[in-house]
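Following: one structure in structure tokens, then a few remarks.
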Amino acid sequence: MYEFVKKDLELFFQKTRINGLICGDDYTSGGWWQGGVQRAVDEFVQNYPVQVVAIRRRQFILRKLPVTQ
Numbered sequence: 025m026y027e028f029v030k031k032d033l034e035l036f037f038q039k040t041r042i043n044g045l046i047c048g049d050d051y052t053s054g055g056w057w058q059g060g061v062q063r064a065v066d067e068f069v070q071n072y073p074v075q076v077v078a079i080r081r082r083q084f085i086l087r088k089l090p091v092t093q
């Protein structure tokens with residue numbers, strides 16, 4: 025599941041405008057996805073210019089930030 029979510033986030037990022045939102049669910053360490061969603065989202069936040077808007081009830085919302093130089 026990790027690889028699929030990682031790729032999805034990268035593709036969503038390319039198509040999202042500055043200040044646009046990227047949302048998803050299953051953000052938890054449990055479930056049949058064995059924490060793959062949470063791991064992919066956590067890594068994505070570290071490597072891309074995004075802000076965590078909210079993480080609640082297994083849902084996540086990220087805001088795309090402008091690239092700083």
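Going by this note's numbering, the sequence shown opens with residue 25, and the numbers climb by one from there.
Every residue, glycine too, gets a C-beta built ideally from N, C-alpha and C.
Run of the alpha helix (DSSP H) containing Gln58, from where it starts to where it stops: Looking at the DSSP string, Gln58 is not in any alpha helix (DSSP H), and its letter there is neither H nor E.
If the criterion is Cβ atoms closer than 8 Å, does the pair Ile46 and Thr52 meet it? No, Cβ-Cβ distance for Ile46 and Thr52 is not below 8 Å.
State buried or exposed for Lys88, treating a residue as buried only when at least 16 other CB atoms are found within 10 Å of its CB. buried
Between which two residues does the alpha helix (DSSP H) containing Val91 stretch? Counted as a single uninterrupted DSSP element, the stretch harbouring Val91 is not any alpha helix (DSSP H), since DSSP gives it neither H nor E.
Would you please state the rounded distance, in angstroms, between the beta carbons of Ala64 and Val29? I believe it to be under 8 Å. 4 Å
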